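> Got a structure here, written out as structure tokens. Questions coming.
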Amino acid sequence: MPDRASIERFLDSPELSGATRRAYRVDVEEFVGWLRRRGQSLEDVDAATMSAYTAELGASRPGRDPSKLAPATIARKLAAVRALLRFALGAARVPDGQLGPRRARRLPDSPKSEEVEAVLDQYEGVGRLALRNRALLELVYSAGLRSREAVDLDLGDVDFEQEAVHVRGKGGKERVVPLGEEAAYRLRLYLEQGRPGLVNGAEDALFVSARGRRLDTSTLRRLVPHPHRLRHAFATHLLEGGADLRVIQELLGHSSLSTTQTYSHVDGRSLRKVYDRAHPRS
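Here the sequence shown is numbered in our numbering, starting from 10 and rising by one per residue.
Set out below in structure tokens:
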């Protein structure tokens, strides 16, 4: 089936992360199934088709919970469909226009510096796992890493001499972020006193489990239920300190500045301080 082959080629794209690939598979297969029931294929998709599908997503869900899909879920599904159409048909064939309900602007919750310190201090200790946990959390916060980026780090990705960390991000994108002084100190302690007693065989992973294998993101979530808040704190605290938004975008690995603008929200007083310090007409 041509549409099935298009889906598989699309999902095999190296630009997609593993998590994105799994989420997109459900969404695009659902869309293609909907087209098939209408006697259509991907080649038939136009603006009217997309409008009809958007209305379908916004309707109550028969046979299940009668509540409608959340706006964020609809937006994600439409994004997956549009990505598939761009891949299969070309950008010129993707219908224009804002489809789907407008999502309410939800600003991420950023912990204050004191709260971050309190969280990190909970993992102070001299045992092997304590040293690993403190180094892991310190690096996530000081380098603004996603959970997957942190556990995917290898030993060779940390350059103490250059004070930098080589990060492999979403879609195979790579970036280099500075290694902070405190993170470097905690990593050295872990590498010298913690990791040798944990590692099992020729394991290249920077962070290893109690069984000596590469750490999984579930371990990080057990330490901090919402590790993404540490990444947001990294961005927010940089912005509050006067860092340029474009620099923060590079450090976070965002392809779009608009993503960074939402991610790095600070209150008006903090923005005013940065403005007063930086603008010649302030």
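Don't be surprised by glycine CBs; every beta carbon is placed ideally from N, CA and C. Values in this document were obtained by computation on a predicted structure and should not be read as measured data.
Applying the criterion that 16 or more other CB atoms from any shown protein chain within 10 Å of the CB defines a buried residue, is Val167 buried or exposed?
With 16 or more other Cβ atoms inside 10 Å of its own Cβ, Val167 counts as buried.
> My understanding is that Leu198 touches Ala144, with C-beta atoms under 8 Å, so please give their C-beta distance in whole angstroms.
7 Å
> For the alpha helix (DSSP H) that Glu259 lies in, which residues bound it at each end?
Note, Glu259: alpha helix (DSSP H), Leu254 to Leu261.
> Can you tell me where the alpha helix (DSSP H) holding Val90 begins and where it ends?
Pro80 to Leu98
> Would you call the region 124 to 136 in contact with the region 34 to 50, where contact means no fewer than 3 C-beta pairs closer than 8 Å?
These segments do not touch.
> Does the separation of the CB atoms of Leu98 and Glu38 fall below 9 Å?
no
> Thinking C-alpha only, which one of Ala214, Leu229 and Asp130 is nearest Arg223?
Ala214
> Beta carbon of Val217, beta carbon of Arg204: below 9 Å?
Against a cut-off of 9 Å, the Cβ pair of Arg204 and Val217 comes out as a contact.
> Pick from Ala193, Leu260 and Gly178: whose alpha carbon is nearest that of Leu25?
Gly178
> What are the start and end residues of the alpha helix (DSSP H) that includes Val35?
Looking at the DSSP string, the run of the alpha helix (DSSP H) that includes Val35 is Gly27 to Arg46.
> Enumerated in chain order, which unbroken segments of the beta strand (DSSP E) with a length of 3 residues or greater are wholly contained in the region 140 to 226?
173 to 177 and 183 to 187
> Tell me the rounded alpha-carbon separation between Val103 and Phe169.
47 Å
> Sort His237, Arg157 and Ala192 by Cα distance to Ala173 and report the nearest one.
Ala192
> Rounded C-beta distance between Leu247 and Leu146? I'm assuming under 8 Å.
So it is not a contact: roughly 18 Å between Cβ atoms.
> By Cβ distance, which residues of its chain are closer than 6 Å to Val208, with the 5 residues on each side in sequence left out?
Val217 and Gly221
> Alpha carbon to alpha carbon, what distance is there between Thr245 and Leu116?
Bear in mind that a pLDDT of 49 at Leu116, under 50, signals an unreliable position, so the model cannot answer this.
> Could you pull out every residue in the same chain whose Cβ sits closer than 6 Å to the Cβ of Leu260, ignoring the five residues on either side in sequence?
Gly153 and Val186
> Pull up the distance between the alpha-carbon of Leu188 and that of Leu148, whole angstroms please.
8 Å
> I'd like to know whether the C-beta atoms of Pro23 and Gly206 end up nearer to each other than 9 Å.
no
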